[in-house]
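Here is the structure we will look at, set down as structure tokens.
Here it is as structure tokens:
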């Protein structure tokens with residue numbers, strides 16, 4: 154509990170605005186942050202610094218489908234970090250990335266024979282849009298630049314994702330920069 158108190162005190166002292174939380178009403182958070190400071194997670198639950206358990210109904214924003222702190226995942230991550238924590242994808246690669254790409258291609262529908270890895274959903278959407286635009290330009294169809302999205306859909310925080318996203322307030326501030 155002492156550690157949780159220390160974490161809470163630190164978080165409360167940082168209420169000056171250094172951390173700008175995405176998609177959060179920061180003013181509201183700063184008025185009453187106690188219930189929103191997370192101390193840890195296990196399985197499908199977060200625990201706040203006050204000890205309250207919260208069900209993680211969005212899977213850590215869609216990146217923890219097997220829950221938080223899964224022992225087998227933690228062990229695999231620890232092994233990999235000890236072997237090689239990072240390898241740039243530009244001009245280099247680690248054998249495991251090639252192996253994973255092969256496994257994904259085997260699971261994918263016919264005709265999908267290559268994999269492009271990204272670090273987030275936002276980056277994946279922006280990359281997919283760039284690949285689509287480049288594809289049509291290479292085919293001599295440079296005029297094909299219209300992008301289609303869904304109403305009320307979230308497609309990330311990058312310019313491409315905001316462009317095709319269907320959440321109007323997200324587009325409002327960036328209209329001059331957005332793709333057509």
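Residue numbers (this note's numbering): 154 to 333. Backbone N, C-alpha and C fix where the C-beta goes; we use that ideal spot for every residue, glycine too. Bear in mind that the values here come from a model prediction, so they are computed numbers and not experimental data.
- For residue 332 against residue 312, the beta-carbon gap comes to about 7 Å, under 8 Å, which counts as contact.
- In this structure the stretch 196 to 206 does not lie against the stretch 172 to 186, because fewer than three pairs of beta carbons, one per stretch, are closer than 8 Å.
- Rounded to the nearest angstrom, the Cβ distance from residue 278 to residue 308 is 5 Å, consistent with a contact under 8 Å.
- Taking C-alpha positions only, residue 231 is separated from residue 224 by approximately 10 Å.
- Minimum Cα-Cα distance from residue 306 among the listed residues 319, 315, 314 corresponds to 319.
- Following the DSSP letters along the chain, one finds residue 195 in no alpha helix (DSSP H) but inside the beta strand (DSSP E) bounded by residues 191 to 195.
- For residue 237, there is no enclosing beta strand (DSSP E), since its DSSP letter is neither H nor E.
- Rounded to whole angstroms, the separation of the alpha carbons of residue 213 and residue 226 is 15 Å.
- Here DSSP, grouped into helix, strand and coil, assigns residue 207 to strand.
- Here residue 252 is exposed. Its C-beta has fewer than 16 other C-beta atoms within 10 Å.
- Residue 198 sits in a strand when the DSSP states are folded into three classes.
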